[in-house]
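Q: Take the sequence shown: its position 381, counted from the start at 1, is 381 in full-length UniProt numbering, and no numbers get skipped.
All residues carry an ideal CB built from backbone N, CA and C; glycine is no exception.
The structure is given below, and queries will be raised subsequently.
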Amino acid sequence: MAVIQPSSFSFSHEFTYDVFLSFRGTDTRYSFTGNFYKALCDAGVHTFIDDRELHGGDEISPSLVKAIEESRIFILVFSINYASSSFCLDELVHILHCFKANGCLVLPIFYDVEPSNVRHQTGSYGEALARHKERFQNNKEKYNDNMKRLHKWKMALNQAANMSGYHFNPRNNGYEYEFIQEIVRFISNKINRVPLHVIDYPVGLQWKVLKVYSLLEVRSNDKVKVVGIYGPGGMGKTTLAKAVYNFIADQFECVCFLHNVRENSTKHGLEHLQNDLLSQTVGLDFKLRHSSEGISTIKQRLQRKKVLLILDDVDELKQLQALAGGLDWFSVDSRVIVTTRDKHLLASHGIEVTYEIHELNKKEAFEFLRWKTFKSKQVDSSYERVLKRAVNYASGLPLALEILGSNLFGKHIEEWNSLLDRYEKIPNKEIQKILKVSFDALEEDEQSVFLDIACCFKGYNLKEVEDILCAHYGQCMKYHIGVLVEKSLVKISRRGYVRLHHDLIEDVGKEIVRTESPKDPEKRSRLWFREDIFQALEKNSGTSQVEMIHLEFPLPETIEWKGDEFKKMENLKTLTIKNSSFVSKPQVHLPNSLRALEWPRYPSQHIPSDFCPKNLSICKLPNSGLTSFNLANSLNGMMFLCMKVLHLDNSKCLEEISDISSLKNLEEFSFQRKSQMHIFKQGSSMEDIQFSDPYKKRELDDDVFYDAVDVLAGDDHKTSHCNA
């Protein structure tokens, strides 16, 4: 099979001719083909018919090649002497090349010849090819080239004869004019089908169309094929589906493109969509009263028809069940394409063949934005920097590039930068509206988890995110993270890190939280932006609305707090502060509502005596200023009963750790360090505790645990001195 190059590819082709007629003039020009040509013209079908026999010549002229490439439908009239013409055979080869490249309809008509003779080159076709071979053998100079040419002819004849078409025997099949009118009606229906508008600048679309085309296996007729296209909103799923539709629609008896299934099913009901499907395929209005009636009608009417059905933007299983419920609804050579944001929905309906659509790469994004904003590939070099900034902001999302291009068209560089400054603070509403559809479809718990990841945990290890959210909500959130992945909002990297599908989806989450209280960040549920956190803490204006704080400085930063900044945050459940150090060593007030605490370089020397977090599950205080970690001084040692993870690594001032055997739920205890310390222990079993490397829990029993700590602490038990 020939490799299809993007330059030869077209999915919204403007054709010069509706039909190209390929025929053997000496057989049918003044009989069948002449009558057929007149009938097509009378029906308004713009048809190309070659007069080559009038001007002679044995090779295809450039003008004929151009006519082939500008035709929408090819009709091959195979007659007794068709194969005796090398001209016809070369023409056939080029037609099939266009079929491979552009998906055009090829319709064979076997006029007074058996299809098997064409397919297997027997009878008059075998005799003609034998004469060609003999002629080629006599030409020693071009022998190799001619034998390759002969092979192409045989392959082309076989391929064309295997396509669906018409067979007419003048002696047995009745009136020729009736046969001609049947074909003319078929062709008229095809050319009356208007191609869908795809996109003005189809950058990066070619290979995606070809990939989906290969998944559809259009030339296979053994079973109905269903392909699901999934990905985030604004990624170009609908655009891709329309391009594929234009590419292959002429090869089907009935076609239907149902736009905006999600929106239209909500507004008008499934019966409306079913009626639309039947109207587009059968041409009748059935006035369906209930979706169950529609299911029976669709199956009855389309079961024997070769259908191309595209269901765009599906978001519920019942939509698939009502519109394409089973493979037995359509003829085996039918094809169904479903676009959705929800990968799990495809699996639930048994759709195994899927295509995940991806964002444009940098090169494609630059090209698209140049076309959109300057209507040209070439732009003033002074715009290159701001173009790069705009492309980075859009993150390869076609929707964002489209909107940016429209808004920036004809603007000066200063206006570009001004608009991008604004979008980086407050995202574009058009983009947000489309991307937020996926968020709105989530359950409440899933919405919360999405906001947590978007605001605080992008780039975290999946296991760490699962642990923190389990602690925060008091229940496992693994399922909810999985839903976010299936809904094309979150993705997990190969190395197990949590990502958003692209930066603009992250912006959706952050904007949702920002709008909880646009002017007063301390009244929002989550805080992650440095200035917002400092406003809440330095002004001591924190409120009970704040449930999660994630402060991570890009570079080490020294800050100064009083220590009582968290007092008013009575519902603060998760607190993360990273890459910070403090001028002084304040006694930090920690709210008892905490469930997950991660604070490298924790500044205080002691855990507050009034800190009694009954639900604290994760406590990570590496490199801290702690001199002791005493669990027994508060509520008789009852304050940390829920703790599962305790990390105190490399806290060089730490001299004492009280008995951790009272932490019955502790699963992971990390205490790597080089200096000395004392651990007070009462002899309870440690077999349920996981130790960080180099000491694993499976290697330690009660007595060995003591020895392991001694090894870490040094040869004696003298306390170290901290000069901090």
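Candidates Val437, Ser438, Phe439 and Val391: which alpha carbon is nearest tyrosine 423's?
A: Looking at the Cα atoms, Val391 is the closest of the given residues.
Q: On the DSSP letters alone, give me the boundaries of the alpha helix (DSSP H) that isoleucine 95 sits inside.
A: Its alpha helix (DSSP H) spans residues 86 to 102.
Q: What three-state label does DSSP hand lysine 305 in the structure shown?
A: Three-state DSSP puts lysine 305 in coil, outside helix and strand.
Q: Compute the Euclidean distance between the alpha carbons of leucine 40 and serine 22, then round it to the nearest angstrom.
A: Those two C-alpha atoms are separated by around 14 Å.
Q: I need the DSSP call for lysine 562, collapsed to helix, strand or coil.
A: Of the three classes helix, strand and coil, the one that applies to lysine 562 here is coil, per DSSP.
Q: Classify alanine 130 as buried or exposed, calling it buried when 16 or more other Cβ atoms lie within 10 Å of its own Cβ.
A: So alanine 130 ends up on the exposed side.
Q: For alanine 596, does the three-state DSSP call read helix, strand or coil?
A: Residue state, collapsed to three classes: strand.
Q: Would you call serine 406 buried or exposed, if buried means 16 or more other Cβ atoms sit within 10 Å of its Cβ?
A: Counting Cβ neighbours within 10 Å, serine 406 comes out exposed, since fewer than 16 surround it.
Q: Any heavy atom of the ligand FAD inside 7 Å of the beta-carbon of tyrosine 166?
A: Here there are no bound small molecules, and the ligand FAD is not part of this structure.
Q: Pull up the distance between the alpha-carbon of aspartate 18 and that of isoleucine 310, whole angstroms please.
A: Cα to Cα, the separation comes out at about 24 Å.
Q: Whole-angstrom Cβ separation of aspartate 333 and leucine 105, contact assumed at under 8 Å?
A: Actually they are not in contact, since the Cβ atoms of aspartate 333 and leucine 105 sit about 14 Å apart, beyond 8 Å.
Q: Does the contact criterion of 3 or more C-beta pairs under 8 Å hold for the stretch 562 to 575 versus the stretch 588 to 604?
A: The stretch 562 to 575 vs the stretch 588 to 604: in contact.
Q: What residue range is occupied by the uninterrupted beta strand (DSSP E) comprising threonine 576?
A: Where threonine 576 is concerned, the enclosing beta strand (DSSP E) stretches over 574 to 582.
Q: Tell me whether proline 556 sits in a helix, a strand or coil according to DSSP, three-state version.
A: Residue state, collapsed to three classes: strand.
Q: To the nearest angstrom, how far is it from the Cα of proline 603 to the Cα of serine 580?
A: Near 9 Å, if we compare the C-alpha coordinates of serine 580 and proline 603.
Q: Using DSSP's beta-bridge definition, name the partner residues of threonine 340.
A: Tyr230 and Val314, per the DSSP bridge assignment.
Q: When you compare only the Cα positions, how much space is there between threonine 16 and lysine 318?
A: Their Cα atoms are separated by approximately 43 Å.
Q: Have a look at glutamate 384 and glutamine 378 and give me their C-alpha separation to the nearest angstrom.
A: Between glutamate 384 and glutamine 378, the C-alpha separation is close to 11 Å.
Q: Which of helix, strand or coil does DSSP assign to isoleucine 453?
A: DSSP places isoleucine 453 in helix when its eight states are reduced to three.
Q: Would you report the Cα separation of valine 93 and leucine 277, rounded to the nearest angstrom?
A: If you take the alpha carbons of valine 93 and leucine 277, they lie about 37 Å apart.
Q: Would you check if there are 3 or more beta carbon pairs closer than 8 Å linking the stretch 320 to 333 to the stretch 353 to 368?
A: No, because fewer than three Cβ pairs between the stretch 320 to 333 and the stretch 353 to 368 fall closer than 8 Å, the two stretches do not touch.
Q: On the criterion of 16 or more Cβ atoms from any shown chain inside 10 Å, does serine 584 qualify as buried, or is it exposed?
A: Exposed: under 16 other Cβ atoms inside 10 Å.
Q: By the 10 Å Cβ neighbour count, where 16 or more other Cβ atoms means buried, how is asparagine 173 classified, buried or exposed?
A: Burial call: exposed.
Q: Once you ignore the five residues that flank asparagine 636 on each side, which residues in its own chain have a CB closer than 6 Å to its CB?
A: Residue confidence for asparagine 636 is low, a pLDDT of 44 falling below 50, so the modelled location carries little weight; the figure read from the coordinates is stated next. There are no such residues.
Q: Can you tell me whether DSSP reads aspartate 507 as helix, strand or coil?
A: Here aspartate 507 sits in helix by DSSP.
Q: Take the Cβ of valine 498 as the centre, count every other Cβ of all protein chains shown within 10 Å, and call the residue buried at 16 or more, exposed below.
A: Per the 10 Å Cβ criterion, buried.
Q: At which residue ranges does the stretch 103 to 132 contain complete beta strand (DSSP E) runs of 3 or more residues, listed in the order of the chain?
A: Here the runs fully enclosed are 105 to 111.
Q: Using DSSP with H/G/I as helix, E/B as strand and the rest coil, what is tyrosine 17?
A: The answer is strand: DSSP assigns tyrosine 17 an E or B state.
Q: Would DSSP call isoleucine 49 helix, strand or coil?
A: The answer is strand: DSSP assigns isoleucine 49 an E or B state.
Q: Starting from tyrosine 479, follow the alpha helix (DSSP H) in both directions and report where the run begins and ends.
A: Tyrosine 479 -> alpha helix (DSSP H) spans 478 to 486.
Q: Along the chain, where does the beta strand (DSSP E) that runs through arginine 72 open and close?
A: Arginine 72 -> beta strand (DSSP E) spans 71 to 78.
Q: Considering only C-alpha positions, which residue in the set Tyr473, His97 and Leu215 is nearest to valine 353?
A: The option with the nearest alpha carbon to valine 353 is Leu215.
Q: Would proline 600 be called buried (16 or more neighbouring beta carbons within 10 Å of its own) or exposed?
A: So proline 600 ends up on the buried side.
Q: How is lysine 225 classed by DSSP in three states: helix, strand or coil?
A: Here lysine 225 sits in strand by DSSP.
Q: Measure the alpha-carbon distance for methionine 235 versus valine 336 and round it to whole angstroms.
A: Distance between the alpha carbons of methionine 235 and valine 336 is about 20 Å.
Q: When you compare the CB positions of phenylalanine 450 and glycine 509, do they come within less than 8 Å of one another, or not?
A: Yes, the pair counts as a contact, with Cβ atoms nearer than the cut-off.
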